[in-house]
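Notes follow once the structure below has been shown.
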Amino acid sequence: MGNTTRSPTEQTSAGSYVYFNVVVAGVLVMSDEKPLGSEALQQRQMALSRWENEGGSGPPEKTTSAGKLVFNASILTPNAGRRGPVTERDALRAACGSSAAAAGAGSQFPPEARVTTGVTARLKTDPACLRKDTPLYPLRFEPIYQYRLWGGRRLKDLLSAPLPGRGPVGEAWLLSDRDDHPSLVADGPFKGQTIARVLERSPEQLLGQLHGRLSRFPLLLKFLDVRKSLSVQVHPSDAYEDLIPPGNSGKSEAWVVLEAGPEARIYAGLKPGTTAEALRQAIMNGTVDRQLASFAPQPGDSVLVRAGIVHSLRDVVVFEVQQNSDVTFRLYDWGNIDPETGQVRSLQVDKAMECIDWGQAAINPVAPLVQETRPVLRESLVQCEHFDMTRISGQLPFVVGASGMPSVLVCLAGEGHVQYAGTRYTFDKGDVLLLPAVVGPRSCEPRGVVSLLELSLPHA
Ligand SMILES: [Zn+2]
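Our numbering applies: residue 5 is where the sequence shown begins, and numbers increase by one.
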């Protein structure tokens, strides 16, 4: 009751802080005999809304089998050139606001919560706990949820981390090496580190033959829950340097449909003969869908949407892999009003027109290419210059990973594990495991029938 445990603060005598990673975590014991008091619920709500408002990363809370509710607010605070130790007050200020910090740690949490406040200062120099030669291992990351006006609540069936708040969640970023929303390693010696830090520390272990060529992990992986229509949009290819801000690239993407609702539709590609003039006219008239090729998707369909292809989605849950880029030009938004702002969202019609591939045909689901049927069914879904995607289905052990190259596993159904250096790395539905190049080919052992996607990077 009312225990406050403090994890040790990491400090350095010489290094300057890059940013604070502040984790305020609490365990609220939920039981029938002793329901949470209103104060506890309020504290929990506060931690969750801070988490939502300030771009917290990782799942905000998780219910364990023991009936405990674990919440976790993790906030990255840029350091304004400050030197010196990070205190618990800094942690509270970042996690709970300045008034809470002024009141002190003891008053922050109700007596029925056992609270751990951990403060970690990340340093430019390596923290002592991670030696230069700390070996990499199969990495799991905390999902990062994103509010989107077109989103829904269906990702809760896919990921074990509970969805935040009550609003529409459109995206769960599964693996992201982007500064605005960096993925954090979920367990092991690198727990809490961003993928960028892992790459900076151990480029050769992570990327193998590709090290030295890539300064960031080149793929962005997401689950999307598109309940309403996604805006009609296009992404530029790498060739349109003038349209791509620094730190971004062109963007080709591919989807695997996981769920299709009654209104499900995928729009990809223009109808033959569509001209820029006709498309502009259709945007003004609100008849853009008549210019787009479309089909009713089924679960299991995969679609490759190269840069320059006009596209939109409706009433589907998909897995998405894309080049690590955030450049989107909206052509049309179906008249949607963003309830958060009460405004329509901005369009970038001129830029979109510039990078549309006018020779595009109607895009249909890919025909999977069967590579083997034993011991498991292995189908190549997508091969393009930015990524390869294979689907593996079955229940006998099979090989994942490649020597000298990283790969990423995404579990769509079932469960299993990958064995590496004497440790089992388990996964189940919705989990993502990044196999660093140093891990090499491994046996993957399903428990029952699994369906996995394996993503790899082209050599050249
Ligand atoms: Zn897109």
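Note that CB positions come from ideal geometry on N, CA and C, so glycine has one too.
Spell out the partners DSSP gives ASP342 in its beta bridges.
-> GLN347
Determine the DSSP secondary structure at CYS359, reduced to helix, strand or coil.
-> Per DSSP, reduced to three states, the secondary structure at CYS359 is helical.
Exposed unless 16 or more other CB atoms sit within 10 angstroms - verdict on ASN328 = Here ASN328 is buried: its Cβ has 16 or more other Cβ atoms, across all protein chains shown, within 10 Å.
Compute the minimum distance between the beta carbon of GLN237 and the heavy atoms of ligand 1, and state whether it is under 7 Å.
-> yes
Within the same chain, show all residues whose beta-carbon is closer than 8 Å to that of GLN150, passing over the 5 residues directly before and after it, in chain order.
-> VAL173, GLY174, GLU175, ALA176, TRP177, HIS185
Using alpha carbons as the reference points, say which of ALA425, VAL443, GLU419 lies closest to LEU456.
-> GLU419
Is the beta carbon of TRP154 less than 8 Å from the beta carbon of VAL238?
-> no
Less than 7 Å between the CB of ILE270 and some heavy atom of ligand 2, yes or no?
-> In the structure shown, ligand 2 is absent; the only ligands present are ligand 1.
Is GLU175 near ligand 1, judged by its Cβ being under 7 Å from some heavy atom?
-> no
Is HIS390 near ligand 1, judged by its Cβ being under 7 Å from some heavy atom?
-> No.
Assigned secondary structure, ILE313 (DSSP; H/G/I helix, E/B strand, else coil) | coil
GLU257 beta carbon near ligand 1 (any heavy atom closer than 7 Å) = yes
Could I get the ranges of all uninterrupted beta strand (DSSP E) runs contained in the segment 271-316, with 3 residues as the minimum, in chain order?
-> 296-299, 306-309
State the beta-bridge partners of THR198 as determined by DSSP.
-> LEU188
Backbone secondary structure at ASP181 - three-state DSSP | coil
Just how far apart, CA to CA, sit GLY110 and ASP181?
-> Confidence at GLY110 is low in this model, with a pLDDT of 37, below 50, so its placement is unreliable and the value that follows should be read with caution. One C-alpha to the other measures close to 36 Å.
Per DSSP, TYR336 is paired with what?
-> VAL236
Look at the Cβ atom of VAL436, then the Cβ atom of VAL414, and state whether they are nearer than 8 Å.
-> yes
Given a threshold of 16 other Cβ atoms within 10 Å of its Cβ, counted over all protein chains shown, does THR466 qualify as buried or as exposed?
-> Any property of residue 466 remains undetermined from this structure, which presents the chain solely from 5 to 464.
Start and end residues, alpha helix (DSSP H) containing LEU223 = No alpha helix (DSSP H) contains LEU223, which is instead part of the beta strand (DSSP E) from 223-230.
Should HIS315 be listed as close to ligand 1, given that the test is whether its C-beta is under 7 Å from any heavy atom?
-> yes
Spatial neighbours of HIS463 within its chain, please: CB distance less than 6 Å, with the 5 preceding and 5 following residues excluded, ordered by chain position.
-> none
If you count every other CB in all the chains shown that lies within 10 Å of the CB of ILE341, and 16 or more means buried, which is it?
-> exposed
Residue of VAL292, LEU283, GLU257, PHE323 minimising C-alpha distance to GLU263 = PHE323
Straight-line gap, ASP293 to ARG157 (C-alpha atoms, nearest Å) = 26 Å
My guess is that SER306 and VAL260 are in contact by the Cβ rule of under 8 Å, so how many angstroms apart are they, rounded?
-> 5 Å
Residues near LEU308 in its chain [Cβ-Cβ closer than 7 Å; skip 5 each side] = Taken in chain order, the residues that qualify are ALA258, VAL370, VAL386, CYS388.
Return yes when the C-beta of THR332 is under 7 Å from any heavy atom of ligand 1, and no when it is not.
-> yes
Run the CB neighbour count on GLY312, radius 10 Å, all protein chains shown included, and call it buried at 16 or more, exposed below.
-> buried
Taking one C-beta from the segment 443-458 and one from the segment 419-433 each time, how about it: are there three or more such pairs within less than 8 Å?
-> yes
Pull up the distance between the alpha-carbon of VAL26 and that of LEU162, whole angstroms please.
-> Residue confidence is low: VAL26 scores 37 on pLDDT, short of 50, so the model does not pin down where it sits. Its coordinate-derived value is still stated next. Taking C-alpha positions only, VAL26 is separated from LEU162 by approximately 27 Å.
Which two residues bound the contiguous beta strand (DSSP E) that contains LEU381?
-> For LEU381, the enclosing beta strand (DSSP E) has its first and last residue at 381-387.
Any chance the segment 136-146 sits against the segment 440-447, with 3 or more Cβ pairs inside 8 Å?
-> Segments in contact, yes.
Closest to THR291 by CA distance: which of ALA300, LEU167, GLY304, LYS275 is it?
-> LYS275
Backbone CA spacing between ASP432 and PRO450 [nearest angstrom] | Distance between the alpha carbons of ASP432 and PRO450: 10 Å.
Between the CA atoms of ASN289 and GLU458 - distance to the nearest angstrom | 42 Å
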